[in-house]
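**Q** I'd like to ask some things about the structure below.
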Amino acid sequence: MGIPIRSLLVASLVLSSIALHVAAKTLDPYKVLGVDKNASQRDIKKAFHKLSLKYHPDKNKEKGAQQKFEEINNAHEILSDEEKRKNYDLYGDEKGNPGMGAGNFGSHDFTGGGPRTTYFSSGDGWQTMGGQGNSKTFSFSFGGNPGAGGGNPFGFDLGDVFSNMFAGGSMGGSQHGGFAGSGRPSARTSSQHTNPVTIQEVTMQTFNKEIADQGITWLLLFYTQQAKGQFVLESVLEDVARSLDGAVRAGKVNCDNEKALCKKNGVSVGKSARLFIYSYSTAEKGSLHEYSGDSDAKSLKTFCQEHLPRFSRRVDITQFNFPSSALPNLPEVLLLSTKKDTPAMWRAVSGMFHSRLIFYDAEDVSLPLLKRLGVKNVPALVGRTVNGEVQLLKDGISVKDLQSGIKELKTLLESFEKKNKKLASEQAKKPAKASEPKENKIPLLTASNFEETCGEKAPVCIIGVFKSNKAKEKLESILSEISQKTLIRGQSYNSGNAITYALLDGNKQSAFLSSFDKSGYKSSDKLLIAYKPRRGRFAVYKGEVSMEEAERFVVSVLNGDVQLSATGEKPVLR
């Protein structure tokens, strides 16, 4: 029986395509893109864009352009994925299969008494939140489906993400800190995971009790029995939920059975199932955001990254002081890491605790401040209790993966929260002693704490301006004592309801002072400014600043007995 010509043509085309693909796979991806082996991701991407435009089949009709275009795409696929690139460098094959063309067989680390082989990969990826990480760390492997598409569907090794989550290290020393692991990661398919993730069936009761405004980020699949694409999305959803276990939970809603729940959330399922993330990325309350990208794990994980909570405020550690007048009166926590952006793990826990703690994070630099706190290794967690005590909660925090990392942070925060509840209870029971006023340190006004201290939340802000150490000490003593007194309508000044206090270095903030007076009060060694940020008005006391005069000035401002002037422009600290 003869073989139909059509079948022969199809077979020929298939074999030609395979031949092109195999040929592309055998080429050195570095040479194809014209970059060296130390090229950054930016250089690789730049070279890829240039060559792909040059050889794109729609623009280049020359013979061999199609093959060249496939070689370029294959090279970019390998070098843009840190796991594939590492495997190619080590074995000459992006899947990690040793071959004759193997490249580097790892680097040798001679620390700890003798040489040992380690496999390094870039800290670039999800945890940098849009930045490019340059630190190096040991490689781990967990989550995802490395067998799909020749590599981890996230586009990078999830182990690297969280082994370098905070880019830990000792102050002024190694950047590996407690995030160390060893050995080459082993590839695992989804069927080999030891911790299977179950996609929870979500009902109205489940939604109200476990999802709505609970601080947890959820991926939710809405479907009906007739809708298409449910099983494809469910497979991707399961893969992502497994990889991000601890930061993101997964559920599915059958709109045939839960019509009221789907209607409540404004979700109508037509011909295709729909996927949403319930997150807190832009507001105090959770809301649904629909995913409309490709049905692959890498794209969905990127979408999850973009919608992780953002309740932690990034601050400059060189100018940071815990605001003494933070509202509401909650414990405060500060994460120190070497990351240039808020770590993803910290963003996740900030959502879980956002109504119970105030979150900050900063890029660590080796400062005397850190040494005074006893911080020897980063990442480190520092807290400020409700009674104003600043303490080191833990340094050199070590995690092995996302789930254990979040569990460690939750344990630390819950313990700190419990301690603060006990302190608050003790303070409430203890009667205030007029003869033993508690210490109330007046914060130094900086760009990082201006909004909390003298922003629009503060009806009146009393600013003590100094230009010498002696003037600073005197103003701090006076304002600290006044802040604890009850002088008007039964209100305590330090209650946060009527007034806040701050100190300002007049030598460094002349531009700020010029907003109140063009001269910048150059002739005054110390003065008091009463600033009402909501109204943009102020009053100044330039006389001899004694306890009596300062107290009289504050009372007059609160009683409305002092005429206020409009600021020339909105005061801004730089």
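According to full-length UniProt numbering, the sequence shown is numbered sequentially starting from 1.
Think of the CB as a built atom: it goes at the ideal place given N, C-alpha and C, for glycine as much as any other residue.
Where are the alpha helix (DSSP H) runs, 4 residues long or more, that stay fully inside the region 38-96, in chain order?
**A** As far as the region 38-96 is concerned, its whole alpha helix (DSSP H) runs of at least 4 residues are 41-55, 65-79 and 82-91.
**Q** Going residue by residue through the region 458-484, where are the continuous beta strand (DSSP E) segments of at least 3 residues, counting only ones entirely within it?
**A** Listed in chain order, they are 461-466.
**Q** Tell me whether residue 612 is buried or exposed, calling it buried when 16 or more other Cβ atoms sit within 10 Å of its Cβ.
**A** Nothing in the structure corresponds to residue 612, since the chain is present only between 1 and 574.
**Q** What residue ranges within the region 263-337 form continuous alpha helix (DSSP H) runs of no fewer than 4 residues, ordered along the chain?
**A** You should have 297-306.
**Q** Please report the residue range of the alpha helix (DSSP H) in which E363 lies.
**A** Reading the sequence shown from its first residue, position 363 is the one you call residue 363. No alpha helix (DSSP H) contains E363, which is instead part of the beta strand (DSSP E) from I358 to E363.
**Q** Could you give the distance in angstroms between the alpha-carbon of S415 and the alpha-carbon of L288?
**A** In the sequence shown, counting from the first residue as 1, residue 415 sits at position 415. In the sequence shown, counting from the first residue as 1, residue 288 sits at position 288. The alpha-carbon atoms of S415 and L288 are separated by roughly 31 Å.
**Q** Measuring CA to CA, which of K472, I478, R574 and L573 is closest to S524?
**A** Numbered from its first residue, the sequence shown carries residue 524 at position 524. Per the Cα distances, K472.
**Q** Is the distance from the Cβ of P443 to the Cβ of A502 below 8 Å?
**A** Walking along the sequence shown from the start, residue 443 turns up at place 443. Walking along the sequence shown from the start, residue 502 turns up at place 502. Taking 8 Å as the Cβ cut-off, P443 and A502 qualify as a contacting pair.
**Q** What separation, rounded to the nearest whole angstrom, lies between the Cα atoms of T137 and E82?
**A** For this step, residue 137 is matched to residue 137 along the sequence shown. For this step, residue 82 is matched to residue 82 along the sequence shown. Residue confidence is low: T137 scores 30 on pLDDT, short of 50, so the model does not pin down where it sits. No coordinate-derived value is stated.
**Q** Would you tell me roughly how many angstroms separate the C-alpha atoms of Q66 and P57, rounded to the nearest one?
**A** Here residue 66 corresponds to residue number 66 of the sequence shown, with the count starting at 1. Here residue 57 corresponds to residue number 57 of the sequence shown, with the count starting at 1. So the two alpha carbons sit approximately 6 Å from each other.
**Q** Assign D525 to one of three DSSP states: helix, strand, or coil.
**A** If you number the sequence shown from 1, residue 525 lands on position 525. D525 falls in the coil class under three-state DSSP.
**Q** In terms of alpha-carbon separation, which member of P323, R314 and A380 lies closest to Y360?
**A** Taking the sequence shown and counting its residues from 1, the one referred to as residue 360 is at position 360. The candidate whose alpha carbon is nearest that of Y360 is R314.
**Q** Could you give the residue range of the beta strand (DSSP E) that holds N254?
**A** On the sequence shown, position 254 is the one that residue 254 refers to. Where N254 is concerned, the enclosing beta strand (DSSP E) stretches over V248 to N254.
**Q** Quick check on DSSP: helix, strand or coil for A348?
**A** The count along the sequence shown starts at 1 and reaches residue 348 at position 348. Note: A348 maps to helix in three-state DSSP.
**Q** Find out if the Cβ-Cβ distance for the pair E363, I317 is shorter than 8 Å.
**A** Mapped onto the sequence shown, residue 363 falls at position 363. Mapped onto the sequence shown, residue 317 falls at position 317. Result yes, Cβ atoms of E363 and I317 sit closer than 8 Å.
**Q** Considering T411, what are the terminal residues of the alpha helix (DSSP H) in which it resides?
**A** In the sequence shown, counting from the first residue as 1, residue 411 sits at position 411. From DSSP, the alpha helix (DSSP H) with T411 extends over L402 to K429.
**Q** Taking a contact to mean a Cβ-Cβ separation below 8 Å, would you say K467 touches N507 in this structure?
**A** As a working note, residue 467 is residue 467 in the sequence shown. As a working note, residue 507 is residue 507 in the sequence shown. Yes, Cβ-Cβ distance for K467 and N507 is below 8 Å.
**Q** Does the separation of the CB atoms of V217 and A348 fall below 8 Å?
**A** One-based indexing of the sequence shown puts residue 217 at position 217. One-based indexing of the sequence shown puts residue 348 at position 348. Residue 217 is actually Thr in this sequence, not Val. Taking 8 Å as the Cβ cut-off, T217 and A348 qualify as a contacting pair.
**Q** For D89, tell me which candidate among F222, A39 and K407 has the shortest Cα-Cα distance.
**A** Here residue 89 refers to the residue found at position 89 when the sequence shown is read from its first residue. It is A39 whose Cα lies nearest to the Cα of D89.
**Q** What residues in its chain sit with their C-beta under 6 Å from that of K542, if we drop five residues either side in the sequence?
**A** For the purposes of this step, residue 542 is taken as the residue at position 542 of the sequence shown. Closer than 6 Å at Cβ, skipping near neighbours: S524 and L527.
**Q** Which stretch, first to last residue, makes up the alpha helix (DSSP H) that contains F512?
**A** As a working note, residue 512 is residue 512 in the sequence shown. Counting along the chain, the alpha helix (DSSP H) containing F512 begins and ends at S510 to S514.
**Q** Closest by CA to T203, which one among C262, N559 and S556?
**A** Here residue 203 refers to the residue found at position 203 when the sequence shown is read from its first residue. Comparing Cα-Cα distances from T203 to each of C262, N559 and S556, the minimum goes to C262.
**Q** What is the DSSP secondary structure of L392, counted as helix, strand or coil?
**A** Taking the sequence shown and counting its residues from 1, the one referred to as residue 392 is at position 392. In the structure shown, L392 sits in a strand (DSSP, three-state: E or B).
**Q** How far does the alpha helix (DSSP H) with L237 in it reach, from first residue to last?
**A** The sequence position of residue 237 within the sequence shown is 237, counting from 1. From DSSP, the alpha helix (DSSP H) with L237 extends over Q230 to S243.
**Q** Is the CB-CB distance between A566 and R534 below 8 Å?
**A** For the purposes of this step, residue 566 is taken as residue 566 along the sequence shown, with counting starting at 1. For the purposes of this step, residue 534 is taken as residue 534 along the sequence shown, with counting starting at 1. Contact flag unset, no.
**Q** In whole angstroms, give me the CA-to-CA distance for E71 and N254.
**A** As a working note, residue 71 is residue 71 in the sequence shown. As a working note, residue 254 is residue 254 in the sequence shown. Cα to Cα, E71 sits roughly 44 Å from N254.
**Q** Quick check: the region 371-390 against the region 236-255, are at least 3 beta-carbon pairs closer than 8 Å?
**A** As far as the Cβ criterion goes, the region 236-255 does not touch the region 371-390, which means the pair count is below three.
**Q** For N329 and C454, what's the separation of their Cα atoms in angstroms?
**A** Reading the sequence shown from its first residue, position 329 is the one you call residue 329. Reading the sequence shown from its first residue, position 454 is the one you call residue 454. Each residue's Cα considered, the two are about 16 Å apart.
**Q** Using DSSP with H/G/I as helix, E/B as strand and the rest coil, what is R552?
**A** Here residue 552 refers to the residue found at position 552 when the sequence shown is read from its first residue. The answer is helix: DSSP assigns R552 an H, G or I state.
**Q** In chain order, what residues of the same chain lie with their CB nearer than 7 Å to the CB of A511, ignoring the 5 residues before and after it?
**A** By 1-based counting over the sequence shown, the position of residue 511 is 511. If we look at A511 and ignore the five residues flanking it on each side, its Cβ neighbours are R574.
**Q** Do you know offhand how far G92's Cα is from F311's?
**A** Mapped onto the sequence shown, residue 92 falls at position 92. Mapped onto the sequence shown, residue 311 falls at position 311. Each residue's Cα considered, the two are about 44 Å apart.
**Q** Start and end of the alpha helix (DSSP H) containing L33?
**A** Numbered from its first residue, the sequence shown carries residue 33 at position 33. Per DSSP, L33 belongs to the alpha helix (DSSP H) from P29 to L33.
**Q** Within the same chain, show all residues whose beta-carbon is closer than 6 Å to that of L504, passing over the 5 residues directly before and after it, in chain order.
**A** Mapped onto the sequence shown, residue 504 falls at position 504. Contacts found: L445, I463 and V465.
**Q** So, at 6 Å on beta carbons, what are the nonlocal neighbours of D43 in its own chain, with the 5 sequence-adjacent residues on each side left out?
**A** Taking the first residue of the sequence shown as position 1, residue 43 is located at position 43. For D43, where only same-chain residues beyond five positions count, the Cβ hits under 6 Å are V35.
**Q** Check whether the Cβ atoms of A247 and L308 lie closer than 8 Å to each other.
**A** The sequence position of residue 247 within the sequence shown is 247, counting from 1. The sequence position of residue 308 within the sequence shown is 308, counting from 1. Cβ distance < 8 Å, so A247 and L308 count as in contact.
**Q** Give every residue of the same chain whose Cβ lies closer than 7 Å to the Cβ of Q319, excluding the five residues on either side of it in the sequence, and list them in chain order.
**A** If you number the sequence shown from 1, residue 319 lands on position 319. Same-chain partners within the cutoff: T446, A447 and S448.
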